[in-house]
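Everything on this sheet refers to the single structure shown next.
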Amino acid sequence: MGNILVLAEHRQGALRDISYEMMALAPKLAEDMGCEVTVLLVGSKMDDLAKKMAAYGSKVLVVDDPLFENFNAEKYQKVLSALIDDLKPAVVMTGQTAQGVDFIPALAVEKNLPLVAEAISLEYANGTLKATRQLYSGKVNATVAFKPADTYLVTIREGVVEPPDAAADGAVEKVDSPLKDDLTYRSFVEYIEAEVGDVDITQSDTLVAVGRGLKEDKNLSIIEELAQAIRADIAGSRAATDAGWIPHDRQVGTSGKSVKPKLYIAMGISGAFQHVAGMKGAKTVVAINKDPEAPIFTVADYAIVDDMFKVVPKLIEKLKELKG
Amino acid sequence: MKMFVCIKYVPDTSEAEVKVNPDGVTVDSSRFSFDINDADNYAVEESVLIKEAKEGDVTVVSIGPKKSDVMIRMAMAKGCDQAVRIEDDRIAGHDPLMVAKALAAAIKGQEFDLVLTGCMASDDGHMSTGVALAEELGVNHASMVKKVEVLDGKVRAHRELEGGLLEVVELELPAVLTIQTGINEPRYAPIRGIRQAQKKELKVVSLDDLGVDPASVGSDASMVVLEELYIPEVESSAEFIEGEAEEKAEKLASILVKGGLV
Ligand SMILES: Cc1cc2nc3c(=O)[nH]c(=O)nc-3n(C[C@H](O)[C@H](O)[C@H](O)COP(=O)(O)OP(=O)(O)OC[C@H]3O[C@@H](n4cnc5c(N)ncnc54)[C@H](O)[C@@H]3O)c2cc1C
Ligand SMILES: Nc1ncnc2c1ncn2[C@@H]1O[C@H](COP(=O)(O)O)[C@@H](O)[C@H]1O
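Respectively, the protein sequence lines represent chains E and A.
Taking my numbering, the leading residue of the first sequence gets 477, the next gets one more, and so forth.
Taking my numbering, the leading residue of the second sequence gets 374, the next gets one more, and so forth.
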């Protein structure tokens with residue numbers, strides 16, 4: 477059987493957390509499958525990053541070429557395609573990240589290989605690889621089995637496991653780039669950094685966060701009143717920023733900010749993992765949601781199942797009274 | 374600009390309990406209200422904005438049941454020109470690679486500059502269909518797009534990465550773009566548009582009509598098997614505050630104040 481090929485992800489000179497997280501899943505799976513883990517790094521000037529990945533004990537293959545100075549989905553697809561032919565890996569594992577989603581499905585179609593996207597766990601038993609993934613924003617889990625194939629493609633959700641401790645140094649081996657010339661049909665232009673706003677919510681001690689449950693713009697005034705009463709800053713879910721109720725730089729989550737306030741009050745937020753990933757560092761979490769099944773309650777310390785608009789006015793009144 | 378936009382009719386499960394049917398592989402969606410997938414709504418708006426700026430023509434493509442016609446008419450009311458709805462139970466809907474193949478069959482052979490999809494469907498959430506579709510069509514793509522600039526023979530796409538960082542890429546047309554929410558402000562359908570939409574063409578086709586061998590997009594062709602759906606155990610260590618709404622508010626206020634949290 478071929479190996480498990482883990483594509484380590486990096487951006488702007490640094491490895492991304494998902495690279496380490498996959499090293500918590502891949503070795504266990506390799507053991508069950510009776511194979512080994514090979515890490516793949518594709519980039520330019522990769523020596524330092526290769527060393528860092530090698531510290532997890534597996535062999536690291538490096539495609540190190542100026543052609544890969546910036547991520548390019550088409551180039552990555554070409555490299556993976558060639559390496560799948562050469563190495564015949566049993567599994568190709570990447571993150572379900574902005575990188576992974578941008579080329580893995582195309583690779584699956586090109587090579588006619590099965591894909592399970594955004595696995596949260598993997599299991600190999602009796603010759604069958606199975607993945608667990610989530611549907612309906614985390615309200616339903618699915619077990620998906622791969623039919624036998626030469627190579628299984630699987631992408632892993634970010635943040636589902638802790639990175640392991642470094643083990644022993646694995647060997648680093650350079651491989652020639654399967655791609656020789658630059659592409660003309662897709663090119664990287666530039667990165668644009670996220671906007672900075674008037675308040676840096678990553679530094680806030682107290683955050684009052686709203687989601688789609690706010691329903692409309694004009695309902696923000698009562699939230700502002702609450703925020704004022706407890707000297708909190710206002711943040712929100714992607715649904716709240718998309719709707720224009722609060723500024724984009726106040727979005728909490730994977731595509732927004734990671735916050736770590738002492739108190740986080742989530743109102744009308746369902747708790748999609750992309751949101752939770754950005755606020756699970758909060759010390760105390762209060763969640764108010766009228767749906768008792770809302771995933772946000774799994775990360776809450778104090779929970780209120782009710783209509784936020786029935787709770788908040790009294791909450792403000794009582795807070796003012798108690799705080800004098 | 375000749376464009377296609379792929380839209381999916383999805384249940385709104387945000388405020389409701391989801392139950393798995395006795396077959397173990399589908400959910401009971403009888404009590405849910407359905408609507409256009411969030412990201413697809415932005416894709417429709419983006420296609421209409423491009424059409425308004427550059428002139429052109431937008432065809433809606435959707436795989437789904439008859440009841441999704443209301444969604445399709447709504448997209449046409451906003452400015453899309455015609456629609457194709459694929460209705461066929463033989464498509465393995467759990468596998469985005471099969472869905473992409475079926476969508477491709479409705480587009481292949483026609484000229485186009487852009488195909489827009491949503492970046493993620495809120496029910497299955499594979500984030501895979503659009504990029505797989507691009508490969509099926511043999512064209513360029515960019516995923517998770519938060520801004521589109523159509524240039525001469527090219528498109529400049531701003532991809533949204535983690536942390537809100539944008540990656541700007543340039544693609545030669547034709548291309549598939551998977552659209553991320555928040556890229557624009559989806560309009561409400563104007564009354565006049567709603568009336569006009571009734572007269573626009575909505576073709577309903579089967580795999581046979583598309584010349585697709587049903588075996589090539591069915592569960593036999595799919596290389597993954599959906600074995601089981603189940604409701605994950607909700608492990609909450611939260612203290613649930615009970616009572617009438619006002620009581621709960623009062624209790625929470627005391628907890629916050631006494632705990633020194635505010
Ligand atoms: C690539 C990608 C990146 C993403 N990044 C982020 C991110 O960084 N941050 C983020 O937040 N999301 C992100 N998302 C979106 C995420 O998947 C969810 O769609 C989003 O978090 C949902 O926001 P919400 O909870 O406000 O809305 P919903 O999921 O619609 O939930 C609304 C909630 O409000 C409750 N509610 C309604 N009315 C009331 C009321 N009167 N009182 C109390 N409760 C009420 C409902 O029960 C429901 O639980 C991302 C998605 C993708 C695909
Ligand atoms: N049944 C369908 N009909 C039309 N488009 C679809 C369908 N399923 C998925 N799509 C498109 O693919 C996108 C991504 O879906 P997914 O890969 O499942 O997250 C959606 O936002 C739609 O644009």
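Built from N, CA and C at the ideal position, the CB exists for glycine as well.
Values in this document were obtained by computation on a predicted structure and should not be read as measured data.
| query | result |
| --- | --- |
| List, in chain order, every chain E residue whose beta-carbon is nearer than 7 Å to that of A/Asn414. | Neighbours of A/Asn414 on chain E: none; closest Cβ ~10 Å, over 7 Å. |
| Would you check if the region 535-544 of chain A and the region 701-711 of chain E touch, i.e. whether three or more CB-CB distances between them fall below 8 Å? | no |
| From this set, A/Tyr603, A/Ala416, A/Asp486 and A/Ala530, which residue's C-alpha is nearest A/Lys427's C-alpha? | A/Asp486 |
| If you run the structure through DSSP and keep just helix, strand and coil, what is E/Gly712? | strand |
| If you reduce the DSSP assignment to three classes, tell me which class E/Phe805 lands in. | Examination of residue 805 of chain E is not possible in this model, given that chain E is present from 477 through 800 alone. |
| What does the alpha-carbon distance come out to for the pair A/Glu484 and A/Lys375? | 7 Å |
| Quick one: grab the DSSP three-state call for E/Tyr496. | helix |
| By the 10 Å Cβ neighbour count, where 16 or more other Cβ atoms means buried, how is A/Pro559 classified, buried or exposed? | buried |
| Would you kindly work out how many angstroms separate the C-alpha atoms of E/Lys766 and E/Gln575, rounded to a whole number? | 35 Å |
| Touching or not, the region 578-591 of chain E and the region 720-727 of chain E, by the rule of three or more beta carbon pairs under 8 Å? | no |
| With a threshold of 7 Å between beta-carbons, can E/Thr774 be considered close to chain A, or not? | yes |
| Would E/Tyr667 pass as a contact of A/Glu540 if the rule is Cβ separation under 7 Å? | yes |
| Touch check for the region 496-506 of chain A and the region 523-531 of chain A: three-plus C-beta pairs under 8 Å? | no |
| Using a Cβ-Cβ distance cut-off of 7 Å, determine whether E/Leu795 contacts chain A. | yes |
| Using a threshold of 6 Å, is the CB atom of A/Pro469 nearer than that to any non-hydrogen atom of ligand 2? | yes |
| Would the beta-carbon of A/Thr637 fall within 7 Å of that of A/Ser592? | Given a span of 374 to 635 for chain A in the structure shown, any question on residue 637 of chain A remains unanswerable. |
| Have a look at E/Gln553 and E/Lys606 and give me their C-alpha separation to the nearest angstrom. | 24 Å |
| Beta strand (DSSP E) containing E/Asp540: first to last residue? | Lys535 to Asp540 |
| Quick one: what does DSSP say E/Ala526 is sitting in, helix, strand or coil? | helix |
| Taking 7 Å as the threshold (C-beta atoms), are E/Ala670 and E/Val684 in contact? | no |
| Strictly below 9 Å CB to CB, what residues from chain E border A/Thr490? | Under the 9 Å cutoff, chain E gives no residues; its nearest Cβ is about 11 Å from A/Thr490. |
| When burial is assigned at 16 or more other CB atoms within 10 Å of the CB, is E/Val665 buried or exposed? | exposed |
| Contact criterion: CB-CB distance below 7 Å. Does E/Asn695 meet it with respect to chain A? | no |
| Taking buried to mean at least 16 other C-beta atoms within 10 Å of its own C-beta, is E/Val577 buried or exposed? | buried |
| Please tell me whether E/Ala531 and A/Leu602 are closer than 7 Å, where the distance is taken between their beta carbons. | no |
| For E/Ile668, decide whether its Cβ has a neighbour in chain A, counting only Cβ atoms nearer than 7 Å. | yes |
| Can you name the start and end residues of the alpha helix (DSSP H) that A/Asn414 belongs to? | Asp411 to Lys427 |
| So, does the CB of A/Ser609 fall closer than 7 Å to a CB anywhere in chain E? | yes |
| Regarding A/Met517 and ligand 2, is the C-beta to nearest heavy atom distance less than 6 Å? | no |
| Output the residues surrounding ligand 2, defined as those with a CB atom closer than 7 Å to any ligand heavy atom, in chain order. | A/Cys379, A/Ile380, A/Lys381, A/Asn410, A/Ala412, A/Asp413, A/Ala416, A/Val434, A/Ser435, A/Ile436, A/Gly437, A/Gly466, A/Pro469, A/Val472, A/Leu476, A/Thr490, A/Gly491, A/Cys492, A/Met493, A/Ala494, A/Asp497, A/Gly498, A/His499, A/Met500, A/Ser501, A/Thr502, A/Gly503 and A/Thr551 |
| What number of angstroms, rounded off, separates the C-alpha of A/Asp586 from the C-alpha of A/Leu580? | 7 Å |
| Hey, would you say the C-beta of E/Gly744 is under 6 Å away from at least one heavy atom of ligand 1? | yes |
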